[in-house]
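**Student:**
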Amino acid sequence: MSAVPAMPRQSLQRFPSLVHQRKVPAQPKELPQKANYKIHLIRDRGVRDHNQQKNIKELSKEETAIYRNSLKNNICIEMLRKGYHKSFSEVYTVIQRWDALRDAAGPGSAIWHQKPLEEQQEKLDQLQHFLTRAEAAQRAGYYEEVYENQLALAQYFQEVGDDWLSYHFFECCFQTATKIKMDGGRKEAEAHSNIGSVEEEHGQLEKAAEHYEAFYHLTVGRIWKDETGRSHNSLACENLWRIYTLQSDKMLANKECQQAIKTLIKAFDMAREGGNKKLEGEAAYRLGLAHISSGNPQTAITYLNTYMEISKMLEDNVSLGKAYKAMAKALESQGKILESVEYLENFIKIAKLNNLNQSLAETYSCLGDIFNTRGNYEKACQYFSKAYETALSLSELALIEEAQVQYGIAKAHEMMLTVSKLTDSADCASVGHLLTWKMNRSDIFGDPAKPDKLISMQDTKDGDKSIAIMETPDIPENETSTEPVTAS
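The numbers in our numbering rise by one with no breaks, and the one at position 321 of the sequence shown is 1215.
(1) If distances are taken between C-alpha atoms only, which option among L995, H1023, Q1022 comes closest to P1010?
(2) Note down the Cα distance separating N1043 from L1025, rounded to an integer number of angstroms.
(3) Pull the bridge partners of L1119 from the DSSP assignment, please.
(4) Can you give me the Cβ contacts of A1102 inside the same chain, cut-off strictly under 6 angstroms, excluding the 5 residues immediately before and after it?
(5) Taking the straight line between their C-alpha atoms, what separation do you get for T1139 and L1158?
(6) Enumerate in chain order the residues of its own chain whose CB-to-CB distance from D1263 is below 8 angstroms, with the five nearest sequence positions on each side excluded.
(7) Alpha carbon to alpha carbon, how far is D997 from A1071?
(8) Classify N1133 as buried or exposed, calling it buried when 16 or more other Cβ atoms lie within 10 Å of its own Cβ.
(9) Since I believe I969 is in contact with L1047 (beta carbons under 8 angstroms), could you give me their beta-carbon distance rounded to a whole number of angstroms?
(10) Output needed for D1120: all residues of its chain with C-beta closer than 8 angstroms, excluding positions within five of it in sequence on either side, in chain order.
(11) Considering only residues of the region 990-1047, which uninterrupted alpha helix (DSSP H) runs meet the minimum length of 4 residues and lie entirely inside it, listed in chain order?
(12) Can you have a look at V1040 and say buried or exposed, based on whether 16 or more other CB atoms are within 10 angstroms of its CB?
(13) Please report the straight-line C-alpha distance between E1236 and I1195, rounded to a whole angstrom.
(14) Would you call the region 1181-1195 in contact with the region 1145-1152, where contact means no fewer than 3 C-beta pairs closer than 8 angstroms?
(15) Does H1185 come out as helix, strand or coil in the three-state DSSP assignment?
(16) Which of helix, strand or coil does DSSP assign to L1250?
(17) At the level of alpha carbons, what is the spacing between H1307 and L1316?
(18) Reducing DSSP to helix, strand and coil, say where T1072 ends up.
(19) Would you say the beta carbon of E1174 is closer than 7 angstroms to some non-hydrogen atom of the ligand SAH?
(20) Taking only the alpha-carbon atoms, compute the straight-line gap between Q1052 and D1210 and give it to the nearest angstrom.
(21) For F1109, which residues of its own chain have a beta-carbon under 6 angstroms away from its beta-carbon, when the five flanking residues on both sides are left out?
(22) Could you tell me if T1284 is buried or exposed, where buried requires 16 or more neighbouring beta carbons within 10 angstroms of its beta carbon?
(23) So, A1297 versus A1255, is the Cβ gap smaller than 8 angstroms?
(24) Fully enclosed by the region 1188-1235, which alpha helix (DSSP H) runs are 4 residues long or longer?
(25) Buried or exposed for G1357, going by 16 or more other Cβ atoms inside 10 Å?
(26) Does the beta-carbon distance from L1232 to C1260 come in below 8 angstroms?
Printed below as a string of structure tokens:
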């Protein structure tokens, strides 16, 4: 059996009619948005943007690590790569101690709410910059440059309010300064001054005094000056004056008068050695007040006279007024009331000229208190009234209330003096005065029946029983008779 021969394959080009009759499915008018998106992706998948390929730069492993690692890791790795292993150790130790302080303070503390040190880029950059420079200088043996870089870090952290880091690098400065031998101890002196200042800010007065005293001893006989042209020795004297004054204030608050006086004498000597007249006068003033508190007014007067002379020389009216006021207090404790009042009145003149209303009100109160204590209630009322008026002009509630109370007490004393004399008289006219005052609560001092004008039958020299009480006020008929009382 023969096989059927294969049919030859015909091309469609030989049958053009079939080509035209071929049906192509029509595209829909609108495709869903999702379909368009897929079609777009399929259509653009094979398209290549040659410009984009040219702009792409391959990153090295180191550059990739910069984006992957934390800021702290990048800085530490960079320092280690460049060989600054001491700087790396310092940064790592500082971060660990900062975290420990934060954990010890606990939630709610100020440091707890701060961003961790390892996340503060500016501080880490400063640490890296100055620590690496300091390490390079240390390798070369340039300890002065090491000191300057550590000092720059301490001052930077002091400016941004990071007290712990500031104190840490001030201590580093001090340790470095002890290794500098070619400057005669100048860097060491400056380091003592810086640490003393930090200790003073934190209230550690004893430690601050130790560093300030070391600063003073290193500057004695030296001509060193700071960037402002001021000598280091005068600065040391001022620092010691200030710290001794603060120490004496604490002693006086604890009633340790004798120890406070010894400390104030040291402050006075430092101010005098430093050549600052204003500080010398202030020290003399405080010494005077301390001697008054300890019951030694005569010595107080000596120091207060010094303060007055310095104030006059400096033409400082405010300080002169303070001297007058303190002198009045010292004289009052000696019983010299007239001299005390004279000094206070001199101070009032100065206070009025310089618009020292606060001090003026206090001085009026002081004068009122002096006269009130001595039984001159009328004078006391006058000064307390002025104190009250001055306090009103200041609109200070505490001062106003104090003046009100003082004025009320003096007024009551004055009234009691009159009431007591009228009561002791025990005659009809005196009783009439008391009844009249009881009825209308008028000012009994305005009445003619003042103690110096009242004459009772017991007060007459000749014992004449027909003498009546003079200047009897009018009293209603339903209360008592207005006829003078005569002896029967």
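Glycine is no exception: its CB is placed at the ideal position from the N, C-alpha and C atoms.
**Tutor:** According to the structure shown:
(1) L995
(2) 7 angstroms
(3) First, the amino acid is wrong: residue 1119 is Lys here, not Leu. The partner list for K1119 (beta bridge, DSSP) reads S1125.
(4) G1090, E1093, E1094, I1137
(5) 6 angstroms
(6) A1274, Q1300
(7) 33 angstroms
(8) buried
(9) L1047 to I969, Cβ: 15 angstroms. No contact.
(10) H1126, L1129
(11) 1015-1034
(12) buried
(13) 15 angstroms
(14) yes
(15) helix
(16) coil
(17) 14 angstroms
(18) coil
(19) In the structure shown, the ligand SAH is absent, as is every other ligand, since no ligand is present at all.
(20) 35 angstroms
(21) A1083, H1086, S1087, A1130
(22) buried
(23) yes
(24) 1191-1208, 1211-1227
(25) Since pLDDT at G1357 reaches only 40, below the 50 mark, its modelled position is unreliable, and no value is offered.
(26) no
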